[in-house]
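Residue numbers for the sequence shown follow UniProt numbering, so the first one is 1 and each next one is one higher. Written out below as structure tokens is the structure these notes cover.
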Amino acid sequence: MEYKNYFWDFDGTLYNSYPGMVRSFVETLKTQEIELDSKEVYKIMREASVRKAFKLYGENLDIPKLRQMYHSFEEQYQDKMRLFDGAADVCRKIKENGGRNFLLTHRDSSALNILKRDNLWFYFDDFVTADNDFARKPDPESLLYLVSKYNLKVEESVMVGDRELDIAAGHNAGMSGILFDPDKLLHQDYNADRLVYSLSDILK
């Protein structure tokens, strides 16, 4: 195994949550009589973030109110959220080989409920969610907290994510970064140490 400690992003990495996220965003803006192209919204979310999408499309609107509405819509689609192929097997094999898995997500504790639903909870040593109130990625604060808590070696650690900010967070913490690009949408690797199109390739 190339690394011992794997720090996983949730949305777009372990779980293909973008269909529900995009649909929720489009439905939210539709309440303001703004019609959006789902493919364009997805592209912005993948290359940047939901926050960036709100900034682009929500100018002169009540963003806090729209974000509440978005989360309300998005909760309705969580039951349909599914793991990417290979996610469970990779996490299981890491544990079987003596490695560790950690979750690092901007999503709240609902992410943990989904892991429990799909029996992935037991493969993880610890979790950082929005409820911990750390600085958001690419700030390395949450990564460094877990590194310190478990006395981990950063040279044996890697951040796995589907966006530039995931790779940057890993590098800012002194560890490697694996970029997961399942639909080959990204046009650059953001200086990732590895680029994979399938999660199963991570352990190859």
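C-beta: ideal position from N, C-alpha, C; glycine also.
### Query
Is Arg117 buried or exposed, if buried means 16 or more other CB atoms sit within 10 Å of its CB?
Exposed: under 16 other Cβ atoms inside 10 Å.
### Residues that Val196 bridges to, as DSSP identifies them
Per DSSP, Phe180.
### Query
Are the beta-carbon atoms belonging to Phe161 and Ile167 less than 8 Å from one another?
Residue identity check: residue 161 is Gly in the sequence provided, not Phe. Contact flag set, yes.
### Query
Since Asp139 and Phe102 are thought to touch, with beta carbons under 8 Å apart, how far apart are those beta carbons, to the nearest angstrom?
The pair is not a contact, with the Cβ atoms about 16 Å apart (cut-off 8 Å).
### Task
With a 10 Å radius around its C-beta and 16 neighbouring C-beta atoms as the bar for buried, classify Asn151 as buried or exposed.
Exposed is the call here.
### Message
I'd like to check one pair, Lys95 with Tyr123: are the Cβ atoms closer than 8 Å?
### Response
By the CB criterion at 8 Å, Tyr123 and Lys95 fall inside the cutoff.
### Query
Roughly how many whole angstroms lie between the Cα atoms of Thr28 and His106?
If you draw a straight line from the Cα of Thr28 to the Cα of His106, it comes to about 20 Å.
### Message
Using a Cβ-Cβ cutoff of less than 8 Å, which residues in the same chain neighbour Tyr15 once the five nearest sequence positions on both sides are dropped?
### Response
Result list for Tyr15: Met81, Arg82, Leu83, Phe84, Ala87, Ile114, in chain order.
### Message
Quick check on Arg107: does DSSP put it in helix, strand or coil?
### Response
In the structure shown, Arg107 sits in coil (DSSP, three-state: anything other than H, G, I, E or B).
### Given 8 Å, three or more beta-carbon pairs between the stretch 37 to 46 and the stretch 68 to 80
Verdict: no, contact absent.
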